[in-house]
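All remarks here apply to the structure that follows.
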Amino acid sequence: MVKCLGLRLFSTVRHAGTCGIIALAVGLGNGAAAQTSQNTTQSFEEFQASVSAGAQRIAKYQEVLQNPDARIQYEAVRLLLKSGDPALVRIAKEHALFSTNPVLRNSAILAIFEAGGNLRIEVTATDESSANVLKWVSDAGGTHDGKKGNHIFNIGAKAENCWMSGQERYAICELTVSGTSVQFKSNRGKGSQASLALGPDGVLRGVIFAEGGQANAAIDLKE
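Throughout the sequence shown, residue numbering follows mature numbering (1 follows the signal peptide of the UniProt record, and there is no 0), covering -16 to -1, 1 to 207 in sequence.
This is how it looks when you write it as structure tokens:
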């Protein structure tokens, strides 16, 4: 280890040649360093201001969600889920799905389905027959590792009291909501169906049947 004399910013370095490099850098960059420090401070202040502004903005929406009038809460959740803003969509989902009010939880499911997009159904093997369900996952375009499988599907158009499969020629009611329960039925592959109930963590869980087999199934509505 070698000491760099005359440079209070650096006490020791690993190689003697580094002292000259440090001295040159300090000499040439003294003024620039001060300017860079100032710019960095300004950028951080701007960052803090943006964070504060964003937090205040979200707080205003959360205040509306806490309105004692349930009708206002339902409408707020519906509009926030359609906003397309990831942060607002997240707080709307969490507020409604974690609510103890079954009507609001039902409204959350309906609003999520109405907003469209994709859902992911996770299949977990429970016995030997589950291999048939995992085969369905593959046939439907998903993937599995022999124990767990994932199938992502698009929420189709709404028709009366259900959401269609999206396959126009052979469209069926793929998602049907009753309270906080959802009936899932797919005509992909050789077909499958599941009865799912909304848990306190915002996840629909139940049993899925396909090709003579069965397995556990879950759809996380917070995703």
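Backbone N, C-alpha and C define an ideal beta-carbon position, used for all residues, glycine too.
Euclidean distance between Cα positions of residue i and residue j
i, j, result
"residue 145", "residue 114", "30 Å"
"residue 55", "residue 161", "20 Å"
"residue 75", "residue 50", "12 Å"
"residue 105", "residue 168", "10 Å"
"residue 72", "residue 28", "25 Å"
"residue 197", "residue 184", "28 Å"
"residue 112", "residue 130", "11 Å"
"residue 82", "residue 154", "35 Å"
"residue 91", "residue 60", "11 Å"
"residue 126", "residue 93", "23 Å"
Same chain, Cβ closer than 7 Å to residue i, five either side skipped, listed in chain order
i, result
"residue 142", "98"
"residue 40", "none"
"residue 86", "163, 164"
"residue 190", "178, 179, 180, 181, 201"
Residue i and residue j closer than 8 Å at C-beta
i, j, result
"residue 139", "residue 173", "no"
"residue 117", "residue 192", "yes"
"residue 165", "residue 179", "yes"
"residue 206", "residue 78", "yes"
"residue 95", "residue 88", "no"
Outcome for residue i when other beta-carbon atoms lying within 10 angstroms are tallied against a minimum of 16
i, result
"residue 107", "buried"
"residue 38", "exposed"
"residue 58", "buried"
"residue 159", "buried"
"residue 156", "exposed"
"residue 137", "buried"
"residue 32", "exposed"
"residue 186", "buried"
"residue 170", "buried"
"residue 68", "exposed"
Contacts around residue i, its chain only, beta-carbon distance under 6 Å, and the 5 residues preceding and following it disregarded
i, result
"residue 124", "135, 172, 173"
"residue 217", "Residue 217 cannot be examined here, being either before or after the span of the chain that is shown, -16 to 207."
"residue 120", "173, 176, 194, 195"
"residue 132", "108"
"residue 188", "166, 180, 182, 203"
Beta-carbon proximity list for residue i, same chain, < 8 Å, skipping 5 on both sides
i, result
"residue 128", "107, 118, 121, 122, 134"
"residue 70", "none"
Open item on the list: Does the region 64 to 77 come into contact with the region 43 to 53, if we say contact requires no fewer than three beta-carbon pairs (one atom in each stretch) closer than 8 Å?
Closed with: The region 64 to 77 is in contact with the region 43 to 53.
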